[in-house]
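Enquirer: Below you'll find the structure I mean.
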Amino acid sequence: QVQLVESGGGLVQAGGSLRLSCAASGNIFSINAMGWYRQAPGKQRELVAVITSVGSTNYADSVKGRFTISRDNAKNTMFLQMNSLKPEDTAVYYCYASRVLRTDWGQGTQVTVSS
Numbered sequence: 037q038v039q040l041v042e043s044g045g046g047l048v049q050a051g052g053s054l055r056l057s058c059a060a061s062g063n064i065f066s067i068n069a070m071g072w073y074r075q076a077p078g079k080q081r082e083l084v085a086v087i088t089s090v091g092s093t094n095y096a097d098s099v100k101g102r103f104t105i106s107r108d109n110a111k112n113t114m115f116l117q118m119n120s121l122k123p124e125d126t127a128v129y130y131c132y133a134s135r136v137l138r139t140d141w142g143q144g145t146q147v148t149v150s151s
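Counting from 37, one number per residue, gives the positions in the sequence shown under the numbering used here.
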């Protein structure tokens, strides 16, 4: 099993920045990819960004050019740098780690962007 702990959410004004962190522990050597989903009230969960074990990245169209996903393998931590935030980025952000036959999730961190 992989344990994931997120941090870095909060309240920010539109145009501002936040950096989310996701610290992984446990069976981390079996992780194939990690990423972030978000879910706003009344909306479906949306994949925001993903990074593979070899460092390939992919982003939702809505965040391309504004968000950057990265990972520090030495610290077993993944990051989501969010710049030029918009009110529509307001959501609970969840990190995940995918392995063969299983995906583990963090508890979620709230990001609120005021206009």
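Every residue gets a Cβ at the ideal spot worked out from N, C-alpha and C, and that includes glycine.
Quick check for students: name the residue ranges of the beta strand (DSSP E) that lie wholly in the stretch 63-142, counting only runs of 3 or more.
Expert: Listed in chain order, the complete beta strand (DSSP E) runs (minimum 3 residues) inside the stretch 63-142 are 69-75, 82-88, 93-95, 103-108, 113-118, 127-135 and 138-141.
Enquirer: Specify, as a first and last residue, the run of the beta strand (DSSP E) that Gly-46 falls within.
Expert: Taking the sequence shown and counting its residues from 1, the one referred to as residue 46 is at position 10. Run containing Gly-46: 46-49, per the beta strand (DSSP E) assignment.
Enquirer: For Asp-140, I'd like the list of residues in its chain whose CB is within less than 7 Å of its CB, leaving aside the five on either flank, ordered along the chain.
Expert: For the purposes of this step, residue 140 is identified with residue 104 of the sequence shown, where counting begins at 1. Closer than 7 Å at Cβ, skipping near neighbours: Gln-37, Val-38, Leu-40, Tyr-132 and Ala-133.
Enquirer: If distances are taken between C-alpha atoms only, which option among Ala-69, Gln-49 and Val-48 comes closest to Asn-112?
Expert: Walking along the sequence shown from the start, residue 112 turns up at place 76. Out of Ala-69, Gln-49 and Val-48, Ala-69 has the C-alpha closest to the C-alpha of Asn-112.
Enquirer: In terms of residue numbering, what span does the beta strand (DSSP E) encompassing Gln-37 cover?
Expert: Against the sequence shown, residue 37 aligns to sequence position 1. From DSSP, Gln-37 is part of no beta strand (DSSP E); its letter is neither H nor E.
Enquirer: Report back the beta-carbon spacing between Phe-65 and Ala-85 to the nearest angstrom; my notes put them in contact at under 8 Å.
Expert: In the sequence shown, the residue the question calls residue 65 occupies position 29. In the sequence shown, the residue the question calls residue 85 occupies position 49. Not a contact, Cβ separation roughly 22 Å.
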